Every structure is written in structure tokens, then in C-alpha cells.
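All remarks here apply to the structure that follows.
Residue numbers (the numbering used here): 82 to 392.
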């Protein structure tokens with residue numbers, strides 16, 4: 082199985098070799114012309130937060146088999162130090178914006194000459210966050226493999242995932258249904274709505290909650306010196322329903338996300354996300370009113386207002 086770094090390099094990541102040991106260091110990520118593609122993204126909080134409302138009911142539904150890895154005392158101490166430092170770093174991030182790339186692999190993916198699976202779909206877009214409860218996720222361009230033509234077809238610009246959360250409502254574009262849906266959040270979810278997702282691995286991550294929900298270990302290759310690689314396996318069914326394993330790469334210098342590989346349940350399907358460090362803006366560059374305001378309903382779309390469960 083390819084690692085996150087190997088997948089990113091497949092799409093022409095710029096690699097710099099330094100020193101007599103020929104260690105490799107990711108410095109810039111640039112994708113070959115014509116390969117930025119489609120995003121099918123139903124998990125709306127992949128990089129935004131850690132749920133503080135992980136209920137006792139959820140906690141009482143452990144997986145039938147314990148997937149926890151046995152860590153040595155030194156490994157456990159290193160993980161603890163990382164998680165505490167990561168939590169402290171995340172608490173200082175007020176706003177963040179970045180360009181992302183995504184590669185989606187599934188049973189319909191093409192294969193190269195050696196038989197290695199290539200991406201079924203590829204996409205690029207923007208992601209924005211403002212603590213504690215505002216977010217934007219938008220796919221700007223995407224392509225998908227066409228098995229008949231043996232090439233990637235460009236998809237319409239208005240067909241990708243697009244949602245906005247202003248802290249009191251989540252606005253989601255459903256292009257296939259030509260709808261803009263507003264889901265009003267109940268008062269108890271306001272102020273933490275962005276963190277109510279199944280992949281709470283970046284902003285707002287709480288060390289204690291992460292350890293309760295996931296079996297985690299550091300898996301950084303010995304040759305990598307400027308990144309920290311983490312593996313997380315779900316301990317409970319509520320998380321295992323969304324993924325079987327996650328591999329996360331953090332930049333060592335600031336503990337900001339560089340890449341995430343999400344393995345889906347029940348097979349080898351996986352999604353790879355890469356966050357372009359050249360476009361990463363921390364605590365600057367966002368218009369908190371404009372970027373997270375209620376979107377206009379496009380011509381020909383129907384606006385639908387919904388209440389969140391529990392309202």
C-alpha cells in the first residue's frame with residue numbers, strides 16, 4: 082500500500098535531496114498540469130476540530146476487537162508529548178486558509194503499466210476556518226476518470242462539494258438536486274459546530290479526547306526529518322463507520338497539517354488530501370463577514386431550510 086508521501090510524489094511533488102544520507106524533504110507540492118480534479122467530500126470537518134461532546138453512549142460502543150498497538154514506554158512518552166504540543170499549537174490558531182488537493186482511489190480507479198492503482202478522481206479547492214465554529218469548504222476544479230475514453234474528464238465548476246458554516250447555520254450546495262440547503266444548528270451545537278465531525282485530527286484537537294477515541298502511534302520514517310507522521314485507528318463504532326484508518330502528516334516546525342490519507346471501511350478505497358504550504362495563511366487574510374456569510378441562492382436553485390436533529 083502506498084504511503085501518503087508516495088502518492089503525493091506520484092503527482093510530481095517537488096523533492097529536495099540534502100546531505101550525504103540522501104534524505105528527502107518535501108518543500109513544495111505542485112501537481113502536473115491537467116491532474117487537478119474532482120472532490121466527493123461528505124465529511125464536512127476533516128480539518129476543523131475535535132468534538133468535545135463525544136457522548137457516553139458513543140463511548141460505550143467499542144469495537145469487538147481491540148486495535149490498539151502495543152507501544153513501548155518511550156513511544157508512549159513521545160506520543161504524549163506530541164499530542165500535548167499539538168493541542169497547545171491548535172489553541173493558538175484563530176484563522177486559517179489554504180488550497181487543498183485531493184486524490185480519490187476506489188474500485189474504478191485506472192492502473193498504470195505496473196498495475197498500481199491511480200486516482201479515480203482528482204480535485205483542487207479552498208478551505209477556510211475561523212475559531213471556534215466558522216468554516217468554508219469549496220471545490221474549484223475537478224476531473225474524473227472516464228474508462229471508455231481512457232482519460233480524465235473535466236467536471237463542471239459548479240458540481241463539486243461546497244459548504245459554509247457561520248456558527249449558527251450550515252449552508253450546503255447540492256448541485257445534483259439544484260438546491261441550497263440551510264441547516265440551523267441548535268443552541269447547544271453553536272460555538273462548536275465545526276468540531277462535530279468524525280475526523281477531528283487538526284484544529285481544536287484535544288489530547289485526552291484523541292487518546293480515548295483512537296489508537297494512535299507515531300510512524301515517521303527514519304529518513305524524514307521535517308515532518309511528523311501519525312497513524313490513528315478508531316476504537317469505537319461511531320468512528321469506524323467513517324474510516325478504518327487515518328494517516329496524518331504534520332509539518333514538524335509548526336505542527337500544521339501537510340497531508341491526510343483516509344482509508345474507508347470495508348476495503349482498500351481511500352482518499353488523500355494534501356494542503357499546499359505555499360498558500361497556507363495563519364491568522365491573516367480572511368474576511369470574517371464575507372467569507373462565512375449566507376451564500377446567495379444560484380439562479381435555478383431552490384433554497385431549503387432545515388432544522389438540525391434535536392431542534
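For glycine and all other residues, C-beta sits at the position ideal for the given N, C-alpha and C. Just so you know, these numbers come straight off a predicted model, no measurement behind them.
State the Cα-Cα distance for the pair residue 334 and residue 372, rounded to the nearest angstrom. 28 Å
Simplified DSSP state of residue 360, which is helix, strand or coil: helix
Looking at the structure shown, is residue 260 part of a helix, part of a strand, or coil, going by DSSP? strand
Can you name, in chain order, every residue of its own chain whose Cβ lies under 6 Å from the Cβ of residue 379, other than the five neighbours on each side? The beta carbon of residue 379 is closer than 6 Å to none in its chain, skipping five residues each way along the sequence.
Own chain partners of residue 231 with C-beta closer than 8 Å, once the 5 adjacent residues on each side are dropped: 191
Measure how close the beta-carbons of residue 204 and residue 223 come, nearest whole angstrom, since I'm counting them as under 8 Å. 4 Å
Nearest to residue 298 by alpha carbon, out of 305, 310 and 369? 310
Look up residue 310 in the DSSP assignment and give the residues it is bridged to. 330
Expressed to the nearest angstrom, what Euclidean distance is found between the alpha-carbon atoms of residue 322 and residue 304? 34 Å
Secondary structure of residue 239, DSSP reduced to three states: coil
Proximity of residue 265 and residue 296 at Cβ, strictly below 8 Å: no
Considering only DSSP beta bridges, list what residue 383 is partnered with. The partner list for residue 383 (beta bridge, DSSP) reads 260.
Pull up the distance between the alpha-carbon of residue 186 and that of residue 327, whole angstroms please. Rounded to whole angstroms, residue 186 to residue 327 spans 14 Å at the Cα level.
Burial state of residue 338, where buried means 16 or more other Cβ atoms lie within 10 Å: Under the 10 Å beta carbon count, residue 338 is surrounded by 16 or more other beta carbons and is classified as buried.
Is it right to say residue 157 is buried, meaning 16 or more other beta carbons lie within 10 angstroms of its own, or is it exposed? exposed
Is it right to say residue 377 is buried, meaning 16 or more other beta carbons lie within 10 angstroms of its own, or is it exposed? Exposed, by the Cβ-count rule.
Applying the criterion that 16 or more other CB atoms from any shown protein chain within 10 Å of the CB defines a buried residue, is residue 225 buried or exposed? Label assigned to residue 225: buried.
Give the C-beta separation of residue 241 and residue 206 to the nearest angstrom, bearing in mind that I take them to be a contact with Cβ-Cβ under 8 Å. Rounded, the Cβ-Cβ distance is 7 Å, consistent with contact.
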